Structure formats: C-alpha cells, structure tokens
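For reference, the structure is listed below as structure tokens.
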Amino acid sequence: MELEEMKSLWFNLSKEVEQQKILTDHLIIEMTKERINSKLNKIALPEMIGALVCFTGALFILVNFSKLDTWYFITCGVFTILYLILLPIVSLRSLFKMKNVSLDDTNYKQTLIKFSRNKKRYMMIQKSSIYFSLLLVFTAMPLAGKIINNKDIFFESNIWYIYLPIMLVFLFFFSRWGIKCVNNVTQSSEDLLKDLEKSSSSN
Amino acid sequence: MTKKQAFTEVIKENQGIIFKITSVYTNNKEDQQDLYQEIVYQLFKSYKTFKGNAKISTWMYRVALNTSITYLKKEKRGGVRIPIEKILTYKTEQEDTIIEDRIVLLHTKIKKLNIIEKGIILLYLEGKNYDEIAEITGFTNTNVGTRLSRIKEKLKTQILK
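Here it is in structure tokens:
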C-alpha cells in the first residue's frame, strides 16, 4: 500500500467520521466527571492494594518485634520490615512519576522521551524487587513461625527439606518469567530512547 | 458562552480526530473506549490553561497524542465507563466493501509501526504538512521527511511479506 493510497483511504474514513456527530454536551461532561471521580482507579489501584498489604505485614512484625529474641531473627525482622515499607513506596513513587508526565506543554517527542525514561526506571525497580523477593522468601517463613508459634524454624531441618526445594522451584520459574517480562519492556523503551536520541543528535 | 460550553463545542467539533487517534493506538473496542474517555478528560484539564497561542487543532493533536503514549492498559481495570459505544461504531456508509476492507488493512498496517512512526503517519494522513507535523511532534522538518520515507519503505516490505 502506497502512502498516497493510504492518504486517500484515510480521507474517505475522515469524511464518514465527520458526518456522524454523536457526542452531546451531556455525554462530554459525564465523561470528564467520571474521570475526575475515579482518579484513584486511574492511578494503579492494584499497586496501591499491594502496598497496603505490605504495610500491614510490616506493622504486624513491628508490633511483635519483641518476640524476636536472637540476632538472626532480629536481622530477618529488620530486613523484612524495610522491604515491606520501602519497596512499595519506591515503586508507587516511580509509577506516579511515570503517570505524571505533563501532556499539554510538551510535544510528542518530549513526552515519548520522558515517558520511556520513567518507564525504564519503573521496570528497573520491578526487577530489583524480584531479586529482593528471593531473599524475603528465606526470611518471611522463619519470622512467621517465630511470631505465630514461637518456633525456631532455623533449627528444624525437616521443614527446610520440604519448604526449600518447593520455594526454589517456584522462585526459579517465577523470577525467570518476571525478569523476562521486565527485560522485554525495558529493551523496547531503550530502543525507543536510542532512536529518539539519534534523531536529536542528527537535527 | 462559558468556558465549559466552549469546551464541549470544541470536543463536538473535533470528535472525529479523537476517534481516529484512538483507533490507531488501541487494539480493541474496550481499550479504545477507555482511551477516548481519557483523552476527553485530559483535554478538559488542559483547556483551562489553553491560552490560544497555538491553533486549537494543534493543541488537540498534541494532548491527544501525548495521552495515547502515556495510556496504560491496566488503568481500565475497575474504572466506570460512560456508555459511549455509539461513538465507536462509526461505519462507512459506502456500499463498497472493497474500500472498507482497504481501510481495515490500512489500520492493520499502521498498528504494525512503532510508536514514533504511528504519530507521524497519523498526522501525515490527517493532511498535515511537514511544518505542522514538526510543530506537533517536536521533530525537525528534515527528520519528519526522513521518517516518512522510512515508513514508506517499511510499508512496502510489509506488502512483500
């Protein structure tokens, strides 16, 4: 299909579309009102629910921190609390930043550059959160055992024989899948940025 | 005329532009409907500060295209959608099914282009000249020309494939 043929087909489409004026004042106002009211939905509700779950977990450990009576439990506790508080904050901050690219005072190219950079940053955070979650697997269960049942799972080898292989297999596939998804998105953002930067330098 | 009335007039006048942009940047009716609504909302937000330095159509293309870039599919989850199905049922009234098929093919071809090319080809098809495309996209006239030639080549290869 040649550009000229495309142009003529597009002209046909435009003509038809222009003839069919369907929007009414009421519908336009309703559309904007709905968006204003659902601002929370707009901004990554699943991520916010995830953050809330993490904060609840961190609060649970904090409240029961006195039950952690050995250096290794304290270390696990501190790591898990920091993970559960910091990672959602960093992740949400990065997501908000990605979403809050100004849309009216920048051109297409600037928006693409800003958005791709922010997206790349957000994906890097997601990637590091996958690596950190590997560590979390080894700290969360002993902590839960200690806080809920006052058991020192570190010295109960039977549990580790079952838990460890299952978790390792699960984590291997989960992290491989997760990292692959993140890498694909990051790569496409990088390619786009390279293309845009090349055009900036050739201008 | 109040600012609100003026805004609804602008949207009504240019509703076809929004439709055409959403049809290029989405792959299904649900996403298209959601993006359409998001563009109207972003235009509404931006209209408050629009001082008329640029042409209204330039401003509109700019906001609509920028919104399409930053549109995340996951946003549609949980949001209430206004029933605007009618907007998305534009159909050519022509009896000529060949033209209709060609238009479908045209959309398929545009959707295969990358996001930079999509913006440029869309503005080109909208009848914008190099200066106007450059103003909206931020690329230079020369760069717009180069990219259009590249798109042309790409489309030819697509046919050969």
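Listed in order, the protein sequences are those of chains L and W.
So for the first sequence, my numbering puts the first residue at 1; every next one is plus one.
So for the second sequence, my numbering puts the first residue at 1; every next one is plus one.
Backbone N, C-alpha and C fix where the C-beta goes; we use that ideal spot for every residue, glycine too.
Being a predicted model, the structure only gives us computed values, none of them experimental.
Between which residues of its own chain and cysteine 54(L) is the CB-CB distance below 6 Å, once the five residues before and five after are set aside? The beta carbon of cysteine 54(L) is closer than 6 Å to those of Leu84 and Pro88 in its chain, skipping five residues each way along the sequence.
Interface residues of chain L around valine 40(W) at Cβ under 7 Å? Within 7 Å Cβ-Cβ: Ile28, Met31 and Thr32.
Return the CA-CA distance between asparagine 66(W) and threonine 80(L), expressed in angstroms with no decimal places. Approximately 39 Å between the Cα atoms of the pair.
Whole angstroms are fine: how far does the CA of aspartate 195(L) sit from the CA of lysine 74(W)? Residue placement at lysine 74(W) cannot be trusted, given a pLDDT of 48 that sits under 50; what the coordinates show is reported in the next sentence. One C-alpha to the other measures close to 26 Å.
Can you tell me which of Ser91(L), Ile29(L) and Val17(L) puts its alpha carbon nearest to the alpha carbon of phenylalanine 44(W)? For phenylalanine 44(W), the nearest C-alpha among the options comes from Ile29(L).
State buried or exposed for leucine 135(L), treating a residue as buried only when at least 16 other CB atoms are found within 10 Å of its CB. The residue in question, leucine 135(L), is exposed, as its Cβ has fewer than 16 Cβ neighbours within 10 Å.
Do aspartate 104(L) and serine 46(W) have their beta-carbon atoms positioned less than 7 Å apart in this structure? In contact: serine 46(W) and aspartate 104(L) (Cβ atoms closer than 7 Å).
Check the Cβ of valine 63(W) against every Cβ in chain L and list those closer than 8 Å, keeping chain order. The answer, in chain order, is Leu103 and Asp104.
With a threshold of 7 Å between beta carbons, is lysine 18(W) in contact with chain L? The sequence shown places isoleucine at residue 18(W), rather than the lysine named in the question. Not one chain L Cβ lies under 7 Å of isoleucine 18(W).
Figure out for me which residue from Tyr108(L), Leu192(L) and Gly145(L) has the closest Cα to the Cα of methionine 60(W). Ranked by Cα distance from methionine 60(W), the options Tyr108(L), Leu192(L) and Gly145(L) are led by Tyr108(L).
Drop a sphere of 10 angstroms on the beta-carbon of valine 104(W), count the other beta-carbons inside from all chains shown, and report buried for 16 or more, exposed for fewer. So valine 104(W) counts as exposed.
Which residues of chain W have a Cβ atom closer than 8 Å to the Cβ of serine 14(L), listed in chain order? In chain order: Gly16, Lys20 and Glu126.
Helix, strand or coil: which one does DSSP assign to isoleucine 162(L)? Here isoleucine 162(L) sits in helix by DSSP.
Could you spell out where the alpha helix (DSSP H) holding leucine 105(W) opens and where it closes? 97-111 is the span of the alpha helix (DSSP H), which, as asked, contains leucine 105(W).
Expressed to the nearest angstrom, what Euclidean distance is found between the alpha-carbon atoms of isoleucine 18(W) and glycine 145(W)? Taking the straight line joining both Cα atoms gives about 25 Å.
Helix, strand or coil, according to DSSP, for threonine 58(W) in the structure here? Threonine 58(W): helix per DSSP, three-state reduction.
Assuming contact is defined by CB atoms lying nearer than 7 Å, are aspartate 25(L) and threonine 8(W) in contact in what I supplied? Closer than 7 Å, so yes.
When you compare the CB of phenylalanine 152(L) with every CB in chain W, is at least one pair closer than 7 Å? At residue 152(L) the sequence reads aspartate, which differs from the phenylalanine that was named. For aspartate 152(L), the answer is no, since every Cβ of chain W falls outside 7 Å of its Cβ.
Unbroken alpha helix (DSSP H) run spanning glycine 145(L), endpoints: Unbroken alpha helix (DSSP H) run through glycine 145(L): 108-149.
Can you check whether the CB of isoleucine 136(W) is closer than 7 Å to the CB of arginine 62(W)? Yes, they are a contact pair.
Own chain partners of phenylalanine 50(W) with C-beta closer than 7 Å, once the 5 adjacent residues on each side are dropped: Setting aside the 5 residues that flank it on each side, phenylalanine 50(W) is surrounded in the same chain by Trp59, each with a C-beta closer than 7 Å to its C-beta; the list follows chain order.
Starting from glutamine 42(W), follow the alpha helix (DSSP H) in both directions and report where the run begins and ends. Per DSSP, glutamine 42(W) belongs to the alpha helix (DSSP H) from 29-47.
Minimum Cβ-Cβ distance from asparagine 33(W) to chain L less than 7 Å: What sits at residue 33(W) in the sequence shown is glutamine, not asparagine. At least 7 Å separates the CB of glutamine 33(W) from every CB of chain L.
Give a yes or no on whether 7 Å exceeds the smallest Cβ distance from aspartate 69(L) to chain C. In the displayed structure, chain C is absent; the protein chains listed are L and W.
For the alpha helix (DSSP H) containing tyrosine 25(W), list its first residue and its last residue. Counted as a single uninterrupted DSSP element, the alpha helix (DSSP H) harbouring tyrosine 25(W) occupies residues 15-25.
Amino acids of chain W, ordered along the chain, whose beta-carbon sits closer than 7 Å to that of asparagine 107(L): Within chain W, Arg62, Ile136, Thr137 and Gly138 have C-beta atoms less than 7 Å from the C-beta of asparagine 107(L), given in sequence order.
Whole angstroms is fine: what's the gap from tryptophan 177(L)'s alpha carbon to isoleucine 56(W)'s? Each residue's CA atom was taken as its position, placing tryptophan 177(L) and isoleucine 56(W) some 46 Å apart.
If you drop the 5 nearest sequence neighbours on each side, which residues of the same chain put their C-beta closer than 6 Å to that of threonine 139(L)? So the list reads Cys76, Phe79 and Thr80, once near-sequence residues are dropped.
Cβ-based burial, glutamine 33(W) [other Cβ within 10 Å; buried from 16]: Buried, by the Cβ-count rule.
How big is the Cα-Cα spacing for valine 185(L) and lysine 120(L)? Annotation: valine 185(L) to lysine 120(L) spans about 8 Å, alpha carbon to alpha carbon.
Which residues in the same chain as methionine 123(L) place their Cβ atom closer than 8 Å to its Cβ, once the five residues preceding and following it in sequence are excluded? Contacts found: Val182, Val185, Thr186 and Ser189.
Within 10 angstroms of the Cβ of phenylalanine 170(L), are there 16 or more other Cβ atoms? Answer buried if so, exposed if not. By the neighbour-count criterion, in which 16 or more other beta carbons inside 10 Å mark a residue as buried, phenylalanine 170(L) falls on the exposed side.
Cβ pair glutamate 47(L), leucine 95(L) closer than 7 Å: Yes. Within cutoff.
Under 8 Å Cβ to Cβ from glutamine 126(L), same chain only, skipping five residues before and after it: list those, please. Ser91, Gly178 and Val182, listed in sequence order.
Residues of chain L with CB closer than 8 Å to the CB of threonine 67(W), please, in chain order. Those within 8 Å of threonine 67(W) in chain L are Leu103.
Would you grab the beta carbon distance between methionine 215(L) and glutamine 37(W) for me? Rounded to a whole angstrom, and I think it's under 8 Å. The structure shown does not extend to residue 215(L), since chain L is modelled only from 1 to 203, so the question has no answer here.
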